[in-house]
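Student: For the sequence shown, numbering that gives the first Met the number 0 begins at 0 and goes up steadily by one. By construction, the Cβ of each residue, glycine as well, lies at the ideal position given by its N, Cα and C atoms. Here the structure is a predicted model, which means the values were calculated and not measured.
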Amino acid sequence: MDAAEAIQILDVERERGLALIDEAASLEELEAARVSLLGRKARFTEVQKALGGLADEDRRTVGKLANETRAVLNAELQARGAELERAGEAEFLEADGVDVTLPGRHPRSGSLHPLSIVENDIVDTFTRMGYVVAEGPEIEDDWHNFEALNIPPDHPARTMKDSLYLAIPGLLLRTETSAVQIRTMESQDPPVYIVVPGRVFRREAADTTHSSVFHQVECLAVDEGLSFAHLRGTLEAFARAMFGPRRRIRLNPTYFPFVEPGAEVEVSCFTCDGVGCKVCGNGWIELLGSGMVHPNVLENCGYDSERYTGFAFGMGIERVAILRYEIPDMRMLLDTDIRLLAQFGAA
Ligand SMILES: [Zn+2]
Numbered sequence: 000m001d002a003a004e005a006i007q008i009l010d011v012e013r014e015r016g017l018a019l020i021d022e023a024a025s026l027e028e029l030e031a032a033r034v035s036l037l038g039r040k041a042r043f044t045e046v047q048k049a050l051g052g053l054a055d056e057d058r059r060t061v062g063k064l065a066n067e068t069r070a071v072l073n074a075e076l077q078a079r080g081a082e083l084e085r086a087g088e089a090e091f092l093e094a095d096g097v098d099v100t101l102p103g104r105h106p107r108s109g110s111l112h113p114l115s116i117v118e119n120d121i122v123d124t125f126t127r128m129g130y131v132v133a134e135g136p137e138i139e140d141d142w143h144n145f146e147a148l149n150i151p152p153d154h155p156a157r158t159m160k161d162s163l164y165l166a167i168p169g170l171l172l173r174t175e176t177s178a179v180q181i182r183t184m185e186s187q188d189p190p191v192y193i194v195v196p197g198r199v200f201r202r203e204a205a206d207t208t209h210s211s212v213f214h215q216v217e218c219l220a221v222d223e224g225l226s227f228a229h230l231r232g233t234l235e236a237f238a239r240a241m242f243g244p245r246r247r248i249r250l251n252p253t254y255f256p257f258v259e260p261g262a263e264v265e266v267s268c269f270t271c272d273g274v275g276c277k278v279c280g281n282g283w284i285e286l287l288g289s290g291m292v293h294p295n296v297l298e299n300c301g302y303d304s305e306r307y308t309g310f311a312f313g314m315g316i317e318r319v320a321i322l323r324y325e326i327p328d329m330r331m332l333l334d335t336d337i338r339l340l341a342q343f344g345a346a
């Protein structure tokens, strides 16, 4: 190969190279172009190998031109490579990208169960009056569930409800949250002002208004000088806080072994305001049981019943929820139907 031939090859290769690089549509094609232009078998490489056989003057001229040609081709390869990489990234973003301006998809959110809402409202009403929350075990012994509450073993009140006993003698699932009253009085001196939320258990078939497991809230107040008037005032304040400022209450004498006297509390109907409608019948709705704490109960807990008096009352949370939200069947509160829960804020 002489100098003229080498120079011609370099010119041709330079032009061919620039066109080839420009046409490369991918990084793979660009690499193929590089091999074809500057690889071991390229014509450019043949020229370089031939340099040693040229005269000094020619070698300098051809060598210089070869270096320039390689520099130009390398610069073009690099520029085109960067261009193709950018295009590839843009294409990737186009295909797999996220449009951050689209509105998001919200995950479903939960809400408090209506029973929790009602329980919280009842408990809040009393804690605002100064009562403190007390809780106790769901498995109780005979003393706390019955005997200390003035219900001895042969007392007919024990047949008033069917209890769920454990296999261990003397233990049962508590039938009332009242056992917590006993546990509290046993562990502290008066005055006592407690509000007791919790689950209770009965051997009862479930129907629209009954369930074998339900929730109660009870209150107990023991202090010097508490009278029936304090009980009535507290109940009226509660009824108005829960069901509206126009509610009235009335108390009918009744019997519970742990109070004397005992009273069933009715509240004026929220629908007809006490006139009488198909919800209430006679204008009044039965709400809860109450009474003055029986002196025997105070004495059972070591309190001086000559010095201290108290009142207590308790209600079913399901019953309050049914009344407040006009739910036709108590069992709906125990189903996990999201359509019911959605009406209480779940979305
Ligand atoms: Zn009514």
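So, do the region 164-171 and the region 125-134 have three or more beta carbon pairs nearer to each other than 8 Å?
Tutor: no
Student: By a C-beta neighbour count over all protein chains shown, 10 Å radius and 16 as the cutoff for buried, is Glu27 buried or exposed?
Tutor: Reading the sequence shown from its first residue, position 28 is the one you call residue 27. Counting Cβ neighbours within 10 Å, Glu27 comes out exposed, since fewer than 16 surround it.
Student: Where does Gly62 fall in DSSP's three states?
Tutor: Numbered from its first residue, the sequence shown carries residue 62 at position 63. Residue state, collapsed to three classes: helix.
Student: Between Val194 and Phe125, which are expected to be in contact by the criterion C-beta below 8 Å, what is the C-beta distance as a whole number of angstroms?
Tutor: On the sequence shown, residue 194 is found 195 positions in, with the first residue counted as 1. On the sequence shown, residue 125 is found 126 positions in, with the first residue counted as 1. Their Cβ separation, rounded to whole angstroms, is 4 Å, which keeps Val194 and Phe125 in contact under 8 Å.
Student: Kindly list the residues whose CB is nearer than 6 Å to the CB of Gly273, restricted to its own chain and excluding five residues on each side of it in sequence; keep chain order.
Tutor: Counting from 1 along the sequence shown, the entry for residue 273 is found at position 274. Same-chain partners within the cutoff: Ser267 and Gly282.
Student: Quick one: is Gln187 buried, meaning 16 or more other Cβ sit within 10 Å of its Cβ, or exposed?
Tutor: Position 188 of the sequence shown holds residue 187. Burial call: exposed.
Student: If Arg201 and Ser211 are in contact, beta carbons under 8 Å, what's the gap, nearest whole angstrom?
Tutor: Working through the sequence shown from its first residue, we reach residue 201 at position 202. Working through the sequence shown from its first residue, we reach residue 211 at position 212. About 6 Å separates the two Cβ atoms, so the contact holds.
Student: With DSSP collapsed to three states, give me the class of Ser177.
Tutor: Taking the first residue of the sequence shown as position 1, residue 177 is located at position 178. In the three-state scheme derived from DSSP, where H, G and I count as helix and E and B as strand, Ser177 is classed as helix.
Student: Does the distance between the C-beta of Val278 and the nearest non-hydrogen atom of ligand 1 fall short of 6 Å?
Tutor: In the sequence shown, the residue the question calls residue 278 occupies position 279. Yes.
Student: Is it a yes or a no for the region 250-259 touching the region 286-301, going by three-plus beta-carbon pairs under 8 Å?
Tutor: yes
Student: Verify whether the separation of the beta carbon atoms of Val319 and Ser289 is less than 7 Å.
Tutor: For the purposes of this step, residue 319 is taken as residue 320 along the sequence shown, with counting starting at 1. For the purposes of this step, residue 289 is taken as residue 290 along the sequence shown, with counting starting at 1. Not in contact: Val319 and Ser289 (Cβ atoms no closer than 7 Å).
Student: Under the rule that 16 or more other beta-carbon atoms within 10 Å means buried, what is Val71, buried or exposed?
Tutor: Position 72 of the sequence shown, counted from the start, is the residue given in the question as residue 71. Exposed.
Student: So does the region 135-154 actually touch the region 102-117, counting three or more Cβ pairs closer than 8 Å?
Tutor: The region 135-154 vs the region 102-117: no contact.
Student: What is the residue span of the alpha helix (DSSP H) that Ala49 lies within?
Tutor: Counted from its first residue, the sequence shown places residue 49 at position 50. Note, Ala49: alpha helix (DSSP H), Arg42 to Ala49.
Student: Ends of the alpha helix (DSSP H) at Ser115?
Tutor: The residue labelled residue 115 in the question sits at position 116 within the sequence shown. Annotation: the continuous alpha helix (DSSP H) that includes Ser115 extends over Pro113 to Arg127.
Student: Using the three-state DSSP reduction, which class does Tyr130 fall into: helix, strand or coil?
Tutor: For this step, residue 130 is matched to residue 131 along the sequence shown. DSSP places Tyr130 in coil when its eight states are reduced to three.
Student: Closer than 6 Å by C-beta to Glu235: which residues in its own chain qualify, once you throw out the five before and the five after it? Chain order, please.
Tutor: Locating residue 235 in the sequence shown gives position 236, counting from the first residue. If we look at Glu235 and ignore the five residues flanking it on each side, its Cβ neighbours are Ile248.
Student: Quick test of the definition: if touching needs 3 or more C-beta pairs under 8 Å, does the region 213-223 touch the region 308-317?
Tutor: yes
Student: Work out the CA separation of His105 and Glu175 for me, nearest whole Å.
Tutor: Within the sequence shown, residue 175 is the residue found at index 176, counting from 1. Within the sequence shown, residue 105 is the residue found at index 106, counting from 1. Using only the alpha carbons, I get a separation of about 42 Å.
Student: Thinking Phe213 and Gly280 are a contact (beta carbons under 8 Å), I'd like their distance in whole angstroms, please.
Tutor: One-based indexing of the sequence shown puts residue 213 at position 214. One-based indexing of the sequence shown puts residue 280 at position 281. Between Gly280 and Phe213 the Cβ distance is about 23 Å, and since that is not below 8 Å, they are no contact.
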